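Chains as they are written, first to last, in the numbering used here: chain A, 14 to 119; chain B, 195 to 580.
The C-beta atom is built at its ideal place from N, Cα and C for all residues, glycine as well.
For clarity, every value in this text was computed on a predicted model and none was experimentally measured.
Following: one structure in structure tokens, then a few remarks.
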Amino acid sequence: MPHITYIEPNGTAKTYDLPLGASLMEGAVQNGVNGIVAECGGSCMCATCHIYVDDAFLSQLPEMEEEENEMLDSATAERRPNSRLGCQVRATPKLEGLIVHIPSVQ
Amino acid sequence: MRKVVIIGAGHGGVQAATSLREMGFEGTIQLIADEVHLPYQKPPLSKGFLNGKQTAENLLFRNENYYNEHQIEVLVGEKIEAIQLQSQTVTSAIGKTFEYDYLLLATGARNRELSKEIAPNALYLRSMSDAQQLKRALDVVENVVVVGGGFIGLEVAASAAEAGKQVTVLEVQNRLMARVLPPLLSDLFLKKHQEMGVNVQLNATVSAETLAAFDLVVVGIGVAPNQELAQEAGIECQNGILVNEFQQTSVPNVYAIGDCASHYNRFAGKQCRLESVQNAVDQAKIAAAHICEKTQPYDAVPWFWTNQFDLKLQMAGINSDYDSYAFRGDIAANKFSIFYFKSNQLVAVDSLNRPADHLAARKLIQAGITPTKEQVEDVAIKLITS
Chain A
14 MPHITYIEPN GTAKTYDLPL GASLMEGAVQ NGVNGIVAEC GGSCMCATCH IYVDDAFLSQ
74 LPEMEEEENE MLDSATAERR PNSRLGCQVR ATPKLEGLIV HIPSVQ
Chain B
195 MRKVVIIGAG HGGVQAATSL REMGFEGTIQ LIADEVHLPY QKPPLSKGFL NGKQTAENLL
255 FRNENYYNEH QIEVLVGEKI EAIQLQSQTV TSAIGKTFEY DYLLLATGAR NRELSKEIAP
315 NALYLRSMSD AQQLKRALDV VENVVVVGGG FIGLEVAASA AEAGKQVTVL EVQNRLMARV
375 LPPLLSDLFL KKHQEMGVNV QLNATVSAET LAAFDLVVVG IGVAPNQELA QEAGIECQNG
435 ILVNEFQQTS VPNVYAIGDC ASHYNRFAGK QCRLESVQNA VDQAKIAAAH ICEKTQPYDA
495 VPWFWTNQFD LKLQMAGINS DYDSYAFRGD IAANKFSIFY FKSNQLVAVD SLNRPADHLA
555 ARKLIQAGIT PTKEQVEDVA IKLITS
């Protein structure tokens, strides 16, 4: 079960041990990390679980579906090369130590 | 210390509790659920949960730690039976009493049911236990009939068809999802279901004889608001618990939010109840803000969604009344949006597999900005600049 560190918009770091298969969005919301809204509950509908992923882990992430790609273009915060939607990335053993930055607006 | 009691732990109830804390409410919060589970999300029950992509753990709003840390007392398996306005208390089925200064009714809605004579063994889908029962039943049957061609019925039909079942849908009207979709989209979803092997019968008659031919009967024919608790206490109700723009009922320290609340909605142009995540969540925030004296009126664009097979439909605004429309995207590829206008004002947008259009539409409608039809039709033109 990987340890994921979330950096909240104000710089606070919170680390949680996520169950395998939980999405990074669920891990954040269920634990009460600030800055992730996830208004649709993980259906890739709303682009309010936008996160910036530690570059070192980019190659370990599942490939982005076209839908997520389109949603990211409409996210409120600036899209960057390491932008993902938290609901589309699930915790795997390879993500141990992953650091995720949360943008200031969703 | 001020006391808030919230009855109902769906999207609205949970959001109200978390918003109160986020807004700095320092009193006690009791979140009362009649089900035995920690609060969870219902929308995936007919979609991801039924097809096995999401588990019960995936659906939890928050973990136990969160509620403890934020001093939100979650009482599960507690059915509230009466409100005493005079003493500002509510009592549960087993005789427990809870005192409040502010009461939030987030009681949701319940399924309309067919009579037992017509459908004695029918399954319905509302709660986690309904979904678990339906999932187990689907594992062991071949022939499934779904009564009702609305969102829930068709989502169940799609999940069952994907699981390899023989699925029949009976809809009494002459097209699918007629209450919310234009004929073009009804027809498109009909074709998709037929392509995937679902036998859809429109203008259908539902009788004990027709249903007897199937191994399993699932019914999704709409819901009724859970308003009796309020009504019996003397709070005004009319197809829902009547609320003002701050979610207050006819009793000022009693609020109602979500599916059970009847409110005037400017985007619908009428008094209505909306059965959606958006409505529950946004109304919860308004009620919490009012309790925290950060008053603002409810004024959010309604939005909804449904997933069936590879079709993802997102609806922004209310499309019940329009006089013209324009298309954006590729109709033949099932990737397009319909923009609806009334008196040259954008009122609603339905987006099929065009999620970016949906996000843009919500912003446009909220801001009251109407693009021209030429702008809508030209996909090279961005509708919003972020």
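Rounded Cβ spacing between residue i and residue j (contact assumed at less than 8 angstroms)
i                  : j                  : result
Asn-513 of chain B : Pro-376 of chain B : 7 angstroms
Tyr-449 of chain B : Leu-279 of chain B : The Cβ separation is near 13 angstroms, so there is no contact.
Asn-245 of chain B : Glu-389 of chain B : 18 angstroms between Cβ atoms; not a contact.
Lys-241 of chain B : Glu-349 of chain B : 6 angstroms
Ala-510 of chain B : Val-475 of chain B : Ala-510 of chain B to Val-475 of chain B, Cβ: 15 angstroms. No contact.
Val-495 of chain B : Ile-559 of chain B : 5 angstroms
Val-413 of chain B : Gly-463 of chain B : Not confirmed; about 31 angstroms, so no contact.
Lys-386 of chain B : Phe-503 of chain B : 6 angstroms
Ala-407 of chain B : Ile-312 of chain B : About 13 angstroms; that fails the 8 angstroms criterion.
Gly-40 of chain A  : Tyr-29 of chain A  : 6 angstroms
His-63 of chain A  : Ser-96 of chain A  : 6 angstroms
Thr-564 of chain B : Gln-539 of chain B : 5 angstroms
Ile-115 of chain A : Ile-49 of chain A  : 6 angstroms
Ala-478 of chain B : Gln-209 of chain B : 4 angstroms
CB contact flag (residue i, residue j, <9 angstroms)
i                  : j                  : result
Lys-197 of chain B : Gln-224 of chain B : yes
Ile-277 of chain B : Glu-426 of chain B : yes
Glu-78 of chain A  : Gln-101 of chain A : yes
Val-581 of chain B : Val-339 of chain B : Chain B is shown from 195 up to 580; residue 581 of chain B falls before or after that span and cannot be answered.
Val-437 of chain B : His-457 of chain B : yes
Arg-330 of chain B : Gln-265 of chain B : no
Phe-383 of chain B : Leu-507 of chain B : yes
Met-38 of chain A  : Gly-110 of chain A : no
Gly-202 of chain B : Cys-454 of chain B : yes
Ile-485 of chain B : Asn-305 of chain B : no
Val-411 of chain B : Leu-317 of chain B : yes
Gln-21 of chain A  : Asn-47 of chain A  : Reading off the sequence shown, one finds Glu at residue 21 of chain A, where the question assumed Gln. Yes, these two residues count as a Cβ contact at 9 angstroms.
Phe-255 of chain B : Leu-239 of chain B : no
Arg-556 of chain B : Gly-523 of chain B : no
Met-217 of chain B : Ala-550 of chain B : no
Glu-229 of chain B : Ser-321 of chain B : yes
Arg-373 of chain B : Gly-344 of chain B : yes
Leu-74 of chain A  : Ile-17 of chain A  : no
Val-417 of chain B : Gln-395 of chain B : no
Ile-429 of chain B : Pro-419 of chain B : no
Glu-439 of chain B : Ile-480 of chain B : yes
Tyr-534 of chain B : Ser-518 of chain B : yes
Rounded straight-line distance, which links the Cα of residue j to that of residue i
i                  : j                  : result
Ile-575 of chain B : Leu-553 of chain B : 15 angstroms
Ala-250 of chain B : Phe-243 of chain B : 8 angstroms
Met-371 of chain B : Ser-531 of chain B : 17 angstroms
Thr-105 of chain A : Met-14 of chain A  : 7 angstroms
Asn-447 of chain B : Tyr-65 of chain A  : 42 angstroms
Ile-578 of chain B : Val-118 of chain A : 17 angstroms
Thr-61 of chain A  : Asp-572 of chain B : 27 angstroms
Thr-89 of chain A  : Asp-333 of chain B : 42 angstroms
Arg-103 of chain A : Glu-81 of chain A  : 14 angstroms
Asn-23 of chain A  : Glu-293 of chain B : 37 angstroms
Glu-568 of chain B : Ser-537 of chain B : 17 angstroms
Glu-267 of chain B : Ile-288 of chain B : 18 angstroms
Gly-207 of chain B : Phe-461 of chain B : 24 angstroms
Asp-324 of chain B : Ala-69 of chain A  : 43 angstroms
Phe-498 of chain B : Ala-300 of chain B : 19 angstroms
Gln-327 of chain B : Ala-561 of chain B : 44 angstroms
Phe-219 of chain B : Ser-380 of chain B : 46 angstroms
Ser-444 of chain B : Leu-85 of chain A  : 43 angstroms
Val-284 of chain B : Leu-269 of chain B : 13 angstroms
Asn-368 of chain B : Asn-397 of chain B : 5 angstroms
Phe-521 of chain B : Tyr-296 of chain B : 47 angstroms
Ser-56 of chain A  : Gln-432 of chain B : 33 angstroms
Glu-275 of chain B : Lys-290 of chain B : 10 angstroms
Sheet register partners of residue i (DSSP bridge)
i                  : result
Ala-418 of chain B : B:Arg-304
Cys-466 of chain B : B:His-457
His-552 of chain B : For His-552 of chain B, which the question treats as bridged, DSSP gives no partner whatsoever.
Thr-222 of chain B : B:Lys-197
Lys-27 of chain A  : A:Tyr-19
Thr-291 of chain B : B:Thr-285
Leu-254 of chain B : B:Tyr-234
Near the ligand GDP: residue i beta-carbon under 8 angstroms from a heavy atom
i                  : result
Leu-308 of chain B : For the ligand GDP, the structure offers nothing, since it holds no ligand at all.
Q.
So within the segment 420 to 445 of chain B, which uninterrupted alpha helix (DSSP H) runs reach at least 4 residues, ignoring any that extend past its ends?
A. 422 to 427
Q.
So within the segment 296 to 374 of chain B, which uninterrupted beta strand (DSSP E) runs reach at least 3 residues, ignoring any that extend past its ends?
A. 296 to 299, 303 to 305, 337 to 341, 360 to 364
Q) In the segment 261 to 287 of chain B, which residue ranges form an unbroken beta strand (DSSP E) of at least 3 residues, counting only runs that do not cross its ends? A) 266 to 269, 274 to 278, 283 to 286
Q) Where in the segment 36 to 116 of chain A do unbroken runs of the beta strand (DSSP E), each at least 3 residues long, occur, reported from the N-terminal end onward? A) 63 to 66, 96 to 98, 112 to 114
Q) What beta strand (DSSP E) runs, 3 residues minimum, are completely inside the segment 469 to 545 of chain B? A) 497 to 502, 505 to 511, 518 to 524, 529 to 536
Q. Quick one: complete alpha helix (DSSP H) runs, 4+ long, within the segment 389 to 415 of chain B?
A. 402 to 406
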